[in-house]
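Asks: One structure is given below, represented as C-alpha cells, and several questions about it will come after.
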Amino acid sequence: MATVVFDRVTKRFGRVRALNDLSVTIPSGTILGLLGPNGAGKSTMLKLIAGLYRPDGGRVTIDGDVPSPKTKAKVAYLPEIDYLYGWMTVRQILDYVRAFYPDWDQVRAEELLRFMALDPAARVSRLSKGMRARLKIVVAMSRSAPLILLDEPLSGIDPPSRSRVLSAIVSEFREDGQTVVMSTHDVAESENLFQEVLFLREGQVALMGDADQLRAQRGKSIRDLFEEVYA
Amino acid sequence: MWWQQYKKELMGNRTELLFLLGFFLVWTLFLLSRAGVWEPAVVIALYGAPPSGILPLWALWASVQLYRQEWRENTSYLMLSLPVRARVITSAKLAALLTGVLGFALLFAVGGWLLLARTGLWGEVFQRHVFSLISWEYAVKMSLLTGGAVLAALVIVALVAQFAYVFSRLFSRLQGLVMVWTWVLSFWLMARVVDVGGRLLAFMPDFHLRLLTIHNQVPEFEMVTVESGPLWALALFVAGLYTLLNAVLERAVEV
Amino acid sequence: MQLKLDQHSPIYMQIIDEFKRQVARGDLRPGDRIPSQRELAAMVQVNPNTVQRAYREMELMGITETLRGQGTFITRDPERVAQIRREMADRALAGFVREMHALGYGCEEMVAMVRGAYERIVGETGAGPHAGALAEGHQAGRGGEPHGDRGV
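Just so you know, the sequences run in chain order A, B and C.
In the working numbering, each residue carries its 1-based index in the first sequence increased by 54.
Read in the working numbering, the second sequence has 54 at position 61, and its numbers run on one by one without any break.
In the working numbering, each residue carries its 1-based index in the third sequence increased by 4.
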C-alpha cells in the first residue's frame, strides 16, 4: 500500500503555475481517476510523484518519503509520451527494465505480451502508436508495484488497443495492495474503472470523492459532472 | 542493474561505433596498400593525423551525447524513474565511453604496428636504433604510462563536458551559454585547485621516473622527479566533480 | 453480459439490477454459477472494488450465495427467485402506470391498451425474446435445458 501526500505543493513553469498550493492525500488500495482538461496539472502531479519533477514549493511524499531511488522502486510510471528506447526490441525492453525491479513477474510479463499480441522481436520504433501503448502497459503492469501511475494511457490510440489496456488494468489490479492513479481528459470510457475521482482545475483540487457516491448524490455520471466542474 | 545499464549504453551507440570502425578499417587498409608505394613518413603521417585529431573530439562529443540523447528522445523519463543511485548511471556511461576509446586505441596500435612493419620503418628505426638503447620492458612501461595519462586526461575532459551538460539542464533558458560557462569555469577551478592543492599536499611522497633524454646528441637516462601534490589535488578535484554530477542528476535535474 | 451502464447512478447498483433482471427473465436459473468478481470486472471493465460491493450486496439481499472454493451461484431458493421476478415486474409496472397516468390515461383504458399491445408485440404464438426454436411457446425460453455453468 502506498499513500501519496501532496503538502501545499506549487510547481511553476515560467509564469504559469501548473500546481498552485495543492494539498491532497491519495488514498491507497484504490483506482483513482485524475481528471481535468489539458493543462489542468494532471501530468505535473504524476511526474512529481514519480520524482521526475521537483516541487517549487511544498512537499510530495510517498509513504512519508520524498521521491528518491527508494520510492522509485515502489512506483510504476507510465508517461503519455514515448519514453522507451526506439532501437530496442520488445524483448530487450523487458529484459532491461526487469533488471532494475525485484518485484518483476516474468510469468505475468509473458502472459501480458501474449494478451497484447506483441511480437517480442519487433523494434519499438517500428511499432504503431497503439502497439506502443500496449507495450507501455506491459512494462508497467508486469511488476507488483504498490503505486501505479498512468498518464493518459488511452489517449490517441485505436479502440482495440484501448480495450486491451483497460482490461489489463482491471485484471492486474490488486485491491489489497495497489494504488492506481490514472489521469485522463476523456472520462467516458474509463469512468467505470474509477473508485475515487479527483477533479483538478487550475492547479488545485476542484472536487474529490467516491465515484459511486458522487453519482448517487448528484444523479449524474462522472462525465456529466466533468462538464459541470469545467463549465 | 549496472551491467544492464552498461550494455544499454554500448548497444545504444553501436551504429555510430560501427560506422567509425568501418571508416577506420577502410582507411587503414587503404594506407597498407600504399605502404610500399608512398614515402613511409607520408603513410605514417596520414595514419596518425586523423585519429589523433578526431578521436579526442569524438570522445568529447560522445560524452555529451550520452546524456543529451536521453533528453532529446525522452528516454530521460525512463532513466530518471529507475530506482538506482545516480552513480550507477554516470559510471555506466563513463565506462561505455572508456570502452569505446580503449577499443579504438587498441585498434589504432595494431594498425600502426602493421603499417610500421609494412613500410619497413619498424625494422629500420625501431629495431636498429630505439631498441638497442632501451629494453622491451621499458618501452612497454612507458607506453602504458603515456596511454594511461592520455586516457585519464580524456576521462577528465569527458567528465567536465558531461557535468557542464547536466548542470545546464537545470536552467530553462540559455542552456548552451550555461554549458559553455560551466565548462570554462570548471577548468579554471581545476587549475586553481591543482595550484593551491599542490602546495598544500606537498608533503605527499613524490614519483620518480626514468626518462630517456638527449644531451649533446647523446641519449642517456636520467631520473626525473614528478611532484605528486598537484596530481593528488587533481584527483580530489575530479572525485569532487564526479560527486557533484551524481548529486545534480539524482536530486536536482528534471525530466 | 451485456452491461449497458448508464453511469448516472451508482455502478454497483446497476450491476445488481442487471443480475436481478437476468434472474427474473430466466436467463440465469437458480443454482447457476456467475463469473467470479475478477472475471466480471475484467469482462465489463469495471473497477474490481465496485464489483466486490455489488457481489456483497447481492449476497446480503439473498440473490446469490457463495460456496467456499466453488464460486458464486444464484440462489436456489425458488421463493426468492419468484420474489425477484415480482420486484422487477413491480418496477416495470410502476414505471408504466406513472407514465400512462401522466399522459392522461385512466385504468380501464390502460388495461385495454395492454391487451392490444401484448397481442401486437408478443403475438398469439407467444413469439418473443425467448422463443428461439421453440414453436409451442407457452413456456418460452424455459424448456428443458441443463443447469450448470451458464455463461453470463
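We put the beta carbon where it would ideally sit given N, CA and C, even for glycine.
Values in this document were obtained by computation on a predicted structure and should not be read as measured data.
Which residues in chain A have a C-beta closer than 8 Å to the C-beta of V248(B)? List them in chain order.
Replies: One-based indexing of the second sequence puts residue 248(B) at position 255. Per Cβ cutoff of 8 Å: K101, L106 and Y107.
Asks: F17(B) to L100(A), Cα distance in whole Å?
Replies: Residue mapping note: residue 17(B) aligns to position 24 of the second sequence, counting from 1. Residue mapping note: residue 100(A) aligns to position 46 of the first sequence, counting from 1. Taking the straight line from one Cα to the other gives about 47 Å.
Asks: Hey, how far is the Cα of E61(C) from the Cα of P82(C)?
Replies: Within the third sequence, numbered from 1, the residue matching residue 61(C) stands at position 57. Within the third sequence, numbered from 1, the residue matching residue 82(C) stands at position 78. Answer to the nearest angstrom: the Cα atoms are 19 Å apart.
Asks: Is Q143(C) helix, strand or coil by DSSP?
Replies: Indexing the third sequence from 1 puts residue 143(C) at position 139. Bear in mind that the predicted position of Q143(C) carries a pLDDT of just 42, short of 50, making it unreliable; the figure below should be weighed with that in mind. The answer is coil: DSSP assigns Q143(C) none of H, G, I, E or B.
Asks: Flag this pair as yes or no: are the beta carbons of K134(B) and Y150(A) separated by less than 7 Å?
Replies: Here residue 134(B) refers to the residue found at position 141 when the second sequence is read from its first residue. Here residue 150(A) refers to the residue found at position 96 when the first sequence is read from its first residue. In this structure, Y150(A) does not lie closer than 7 Å to K134(B) by Cβ.
Asks: Among the residues of its own chain, which have a CB less than 7 Å from the CB of E9(B), if the five just before and after it don't count?
Replies: Here residue 9(B) is taken as the residue at index 16 of the second sequence, counted from 1. Excluding positions up to five away in sequence, the list is empty.
Asks: If contacts are defined as beta-carbon pairs under 8 Å, then Y16(C) and A58(C) qualify, I think. What distance do you get, rounded to the angstrom?
Replies: Along the third sequence, one-based indexing puts residue 16(C) at 12. Along the third sequence, one-based indexing puts residue 58(C) at 54. About 4 Å separates the two Cβ atoms, so the contact holds.
Asks: Closest to R13(C) by CA distance: which of A285(A), K274(A) and Y284(A) is it?
Replies: Position 9 of the third sequence holds residue 13(C). For clarity, residue 13(C) is Ser in the given sequence; the question names Arg instead. Minimum Cα distance to S13(C) is reached at K274(A).
Asks: I need the boundaries of the beta strand (DSSP E) containing E250(A), first residue and last residue.
Replies: The residue labelled residue 250(A) in the question sits at position 196 within the first sequence. Its beta strand (DSSP E) spans residues E250 to R255.
Asks: So, are the CB atoms of V248(B) and L106(A) less than 7 Å apart?
Replies: Locating residue 248(B) in the second sequence gives position 255, counting from the first residue. Locating residue 106(A) in the first sequence gives position 52, counting from the first residue. Yes.
Asks: In whole angstroms, what separates the C-alpha of K96(A) from that of L254(A)?
Replies: Working through the first sequence from its first residue, we reach residue 96(A) at position 42. Working through the first sequence from its first residue, we reach residue 254(A) at position 200. Looking at the two C-alpha atoms, the distance is approximately 7 Å.
Asks: Say whether chain A places a C-beta atom closer than 7 Å to the C-beta of S74(B).
Replies: In the second sequence, counting from the first residue as 1, residue 74(B) sits at position 81. Judged by the 7 Å Cβ criterion, S74(B) is in contact with chain A.
Asks: Residues of chain B with CB under 9 Å from G140(A), in chain order?
Replies: Taking the first sequence and counting its residues from 1, one reaches residue 140(A) at position 86. Those are E66 and T68, listed as they occur along chain B.
Asks: Within the chosen definition, does the stretch 193 to 201 of chain B reach the stretch 97 to 114 of chain B through at least 3 CB pairs nearer than 8 Å?
Replies: The stretch 193 to 201 of chain B, when compared against the stretch 97 to 114 of chain B, does not touch it at the 8 Å Cβ threshold.
Asks: Could you run through the stretch 257 to 276 of chain A and flag, in chain order, every residue whose CB is less than 8 Å away from some CB of chain C?
Replies: Taking 8 Å as the Cβ-Cβ cut-off against chain C, the residues of the stretch 257 to 276 of chain A that qualify are A265, D266, Q267, R269, A270, G273, K274, S275 and I276.
Asks: With distance defined between alpha-carbon atoms, name the residue in Q18(C), Q11(C) and V27(C) nearest to A93(C).
Replies: Start at 1 with the first residue of the third sequence, and residue 93(C) comes out as number 89. The shortest C-alpha separation from A93(C) is found at V27(C).
Asks: In the DSSP assignment, the alpha helix (DSSP H) including K24(C) goes from what residue to what residue?
Replies: Here residue 24(C) refers to the residue found at position 20 when the third sequence is read from its first residue. That run of the alpha helix (DSSP H) goes I15 to R29.
Asks: For the stretch 152 to 164 of chain A, which residues have a CB atom closer than 8 Å to at least one CB atom of chain B, in sequence order?
Replies: The stretch 152 to 164 of chain A vs chain B, Cβ under 8 Å: A153, F154 and Y155.
Asks: Under 7 Å between beta-carbons, which chain B residues line up against D136(A)? List them in chain order, please.
Replies: Residue 136(A) sits at position 82 when you count from the first residue of the first sequence. Within 7 Å Cβ-Cβ: N67.
Asks: Are there 16 or more other CB atoms within 10 angstroms of the CB of T236(B), so buried, or fewer, so exposed?
Replies: Your numbering for residue 236(B) matches position 243 in the second sequence. The residue is exposed, with fewer than 16 neighbouring Cβ atoms inside 10 Å.
Asks: Looking only at its own chain, which residues have a Cβ that is under 6 Å from the Cβ of K183(A), when we skip the five neighbours before and after it?
Replies: Against the first sequence, residue 183(A) aligns to sequence position 129. Here the set comprises I211.
Asks: Assign Q160(A) to buried or exposed, taking buried as 16 or more other Cβ atoms, counted over all protein chains shown, within 10 Å of its Cβ.
Replies: Translated into the one-based positions of the first sequence, residue 160(A) becomes position 106. Under this definition Q160(A) is an exposed residue.
Asks: I'd like to check one pair, Q155(B) with S161(B): are the Cβ atoms closer than 7 Å?
Replies: By 1-based counting over the second sequence, the position of residue 161(B) is 168. By 1-based counting over the second sequence, the position of residue 155(B) is 162. No, the pair does not count as a contact, with Cβ atoms beyond the cut-off.
Asks: What are the boundary residues of the beta strand (DSSP E) that A130(A) is part of?
Replies: Position 76 of the first sequence holds residue 130(A). Its beta strand (DSSP E) spans residues V129 to L132.
Asks: Short of 6 Å in beta carbon distance, which residues of its chain neighbour R71(A), apart from the five on each side in sequence? Order them along the chain.
Replies: The residue labelled residue 71(A) in the question sits at position 17 within the first sequence. The answer, listed in chain order, is G257.
Asks: Between A79(A) and the rest of its own chain, which residues show a CB-CB distance below 8 Å, the 5 nearest in sequence each way excluded?
Replies: On the first sequence, residue 79(A) is found 25 positions in, with the first residue counted as 1. Checking the displayed sequence, the identity of residue 79(A) turns out to be Thr instead of Ala. Closer than 8 Å at the Cβ level, and outside the excluded window around T79(A), lie T57, V58, V59 and F60.
Asks: What does M13(C) reach in chain A if we use C-beta pairs closer than 8 Å?
Replies: By one-based count along the third sequence, residue 13(C) stands at place 9. The question names Met, yet the displayed sequence has Ser at residue 13(C). Those within 8 Å of S13(C) in chain A are R269, A270 and G273.
Asks: For A135(C), does the three-state DSSP call read helix, strand or coil?
Replies: Locating residue 135(C) in the third sequence gives position 131, where the first residue counts as 1. Note that A135(C) scores a pLDDT of 44, beneath 50, so its modelled location is shaky; the value from the coordinates is reported in the next line. A135(C): coil per DSSP, three-state reduction.
Asks: Below 6 Å CB to CB, which residues in the same chain sit around A260(A) once its five sequence neighbours on both sides are set aside?
Replies: Taking the first residue of the first sequence as 1, we reach residue 260(A) at position 206. Hits under 6 Å: F253 and V283.
Asks: Using a beta-carbon distance cut-off of less than 9 Å, what residues from the stretch 89 to 116 of chain C approach chain A?
Replies: Cβ contacts with chain A: none found.
Asks: I125(C) and T76(C): beta carbons closer than 7 Å?
Replies: Your numbering for residue 125(C) matches position 121 in the third sequence. Your numbering for residue 76(C) matches position 72 in the third sequence. Contact: no.
Asks: Since D149(A) is in the alpha helix (DSSP H), which residue starts that stretch and which ends it?
Replies: Within the first sequence, the letter at position 95 stands for residue 149(A). Element bounds for D149(A): V144 to R152.
Asks: Could you spell out where the beta strand (DSSP E) holding D52(A) opens and where it closes?
Replies: Residue 52(A) is absent from the model: chain A starts at 55 and stops at 285.
Asks: CA-CA distance, N74(A) and D117(A)?
Replies: As a working note, residue 74(A) is residue 20 in the first sequence. As a working note, residue 117(A) is residue 63 in the first sequence. One C-alpha to the other measures close to 22 Å.
Asks: What do you reckon, are the CB atoms on Y139(A) and Y70(B) nearer than 7 Å?
Replies: Counting from 1 along the first sequence, the entry for residue 139(A) is found at position 85. Counting from 1 along the second sequence, the entry for residue 70(B) is found at position 77. No, the pair does not count as a contact, with Cβ atoms beyond the cut-off.
Asks: May I have the straight-line CA-CA distance separating L7(C) from S237(A), to the nearest angstrom?
Replies: Position 3 of the third sequence, counted from the start, is the residue given in the question as residue 7(C). Position 183 of the first sequence, counted from the start, is the residue given in the question as residue 237(A). About 24 Å.
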